[in-house]
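Remarks on the structure that follows.
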Amino acid sequence: MSDDGPMYAQREDTGEPVSPERGAATGADPSGTHHMRRVTSFRSRRSTLSGGQQETWERLWPRLGTEARDADGRPTVLDSAAWFGRHAPLILEIGCGTGTSTAAMALQEPDFDVIAVEVYKKGLGQLLGALDRDGITNVRLVRGDGVDVLEHSLATASLTGVRVFFPDPWPKARHHKRRLLQPATMALIADRLVPGGILHAATDHMGYAEHIAEVGDAEPRLRRVRPSFDGSDDLPISVARPETKYERKALAGPVVTELLWERI
Numbered sequence: 001m002s003d004d005g006p007m008y009a010q011r012e013d014t015g016e017p018v019s020p021e022r023g024a025a026t027g028a029d030p031s032g033t034h035h036m037r038r039v040t041s042f043r044s045r046r047s048t049l050s051g052g053q054q055e056t057w058e059r060l061w062p063r064l065g066t067e068a069r070d071a072d073g074r075p076t077v078l079d080s081a082a083w084f085g086r087h088a089p090l091i092l093e094i095g096c097g098t099g100t101s102t103a104a105m106a107l108q109e110p111d112f113d114v115i116a117v118e119v120y121k122k123g124l125g126q127l128l129g130a131l132d133r134d135g136i137t138n139v140r141l142v143r144g145d146g147v148d149v150l151e152h153s154l155a156t157a158s159l160t161g162v163r164v165f166f167p168d169p170w171p172k173a174r175h176h177k178r179r180l181l182q183p184a185t186m187a188l189i190a191d192r193l194v195p196g197g198i199l200h201a202a203t204d205h206m207g208y209a210e211h212i213a214e215v216g217d218a219e220p221r222l223r224r225v226r227p228s229f230d231g232s233d234d235l236p237i238s239v240a241r242p243e244t245k246y247e248r249k250a251l252a253g254p255v256v257t258e259l260l261w262e263r264i
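Count the sequence shown with the UniProt record's numbering and you get residues 1 to 264, in order.
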């Protein structure tokens, strides 16, 4: 795939495993004091980089990327100021897919730093290529579980924004426990956001949209906001998410629901 968007639908049709770029895990300790057992919302899948992607990976990954955990399984604690070489407001994107939205939004927000988390190597390879091609310097990549990164790699009140675009909806009732955005994850996101920070979620699955709305509204440290999405709102980050090619193709298809909360 070469774009973000609801990739799960194609894999549901073909019967292939659900791609891991669809987010991370469902249960976490908001205090960050210990690692709780949880059901992940992704499945591992082999991926092969093209020749050009491999060259870009070898050249850029040591500087722009890191693993969520080291070879011994210890979590990587992220020092964003050291990694980016500056102090700037920080945005975390969980499940960046192939990074089309990541790159486009980072290009429009040069004063913000973005950490994009993804478990799917090929998607990260495509994002690295976009960063290289477009000269984007304010994005860093983490390969691993997004909730693991939230829980163990980032400090309380360290994020100005969290973006979760098109997480896997796991539509079957017996799989709902695998959904990324659960009450424990919402609590963890709220803990990592600065006061006034924004959680921006988007999904084209109506059932999951209702679920996200319910668990987000139930988190006492989050307050729903309803921006105009035209940039006129007084929000600390942009919420003007670029339309993906999947959305352009599906003009009469599923409606995308955008959901936003502010950390109070």
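A virtual CB, placed ideally from N, CA and C, is assigned to each residue, including glycine.
- Distance check between T203 and each of G51, D168, P227 places D168 closest, using alpha-carbon atoms only.
- DSSP, reduced to helix, strand and coil, places E93 within a strand of the structure shown.
- If you ignore the 5 residues before and after V225, its C-beta comes within less than 6 Å of the C-beta of L260, E262, all in its own chain and listed in chain order.
- The C-alpha of L188 is placed about 16 Å away from the C-alpha of A213.
- Annotation: A82 to H152 spans about 18 Å, alpha carbon to alpha carbon.
- Shown here, F165 sits in a strand according to DSSP, grouped into three states.
- Per DSSP, R140 lies in no alpha helix (DSSP H) segment; the continuous beta strand (DSSP E) that holds it begins and ends at 139-143.
- Under DSSP, H200 shares a beta bridge with R163, L260.
- Taking 8 Å as the upper bound for CB-CB distance, V139 and A116 are in contact here, some 6 Å apart.
- For V194, the CB contacts under 7 Å within the same chain, skipping 5 residues up- and downstream, are A157, L159, T160, R263 in chain order.
- Remark: fewer than three beta-carbon pairs, one from each stretch, lie closer than 8 Å, so the segment 90-103 and the segment 59-76 are not flagged as touching.
- Under the rule that a run must span 3 or more residues, the beta strand (DSSP E) segments found entirely inside the segment 111-142 read 113-118.
- Collapsing the DSSP output to three states places R223 in a strand.
- The bridge partners DSSP lists for L193 are L159.
- In the displayed model, R69 falls within a strand according to three-state DSSP.
- Leaving aside the five residues that flank V114 on each side, the residues in its chain whose CB is nearer than 7 Å to its CB run, in chain order, I91, E93, T102, A106, N138, V139.
- Here G207 has P169, P171 as same chain residues with Cβ atoms under 8 Å from its own Cβ, once five neighbours each way along the sequence are excluded.
- When C-alpha distances from G125 are compared across S50, V149, L181, the shortest belongs to S50.
- Residue range 51-64 is occupied by the alpha helix (DSSP H) that includes Q53.
- In the structure shown, the three-state DSSP call for P236 is coil.
- P75 carries a strand assignment under DSSP once its states are collapsed to helix, strand and coil.
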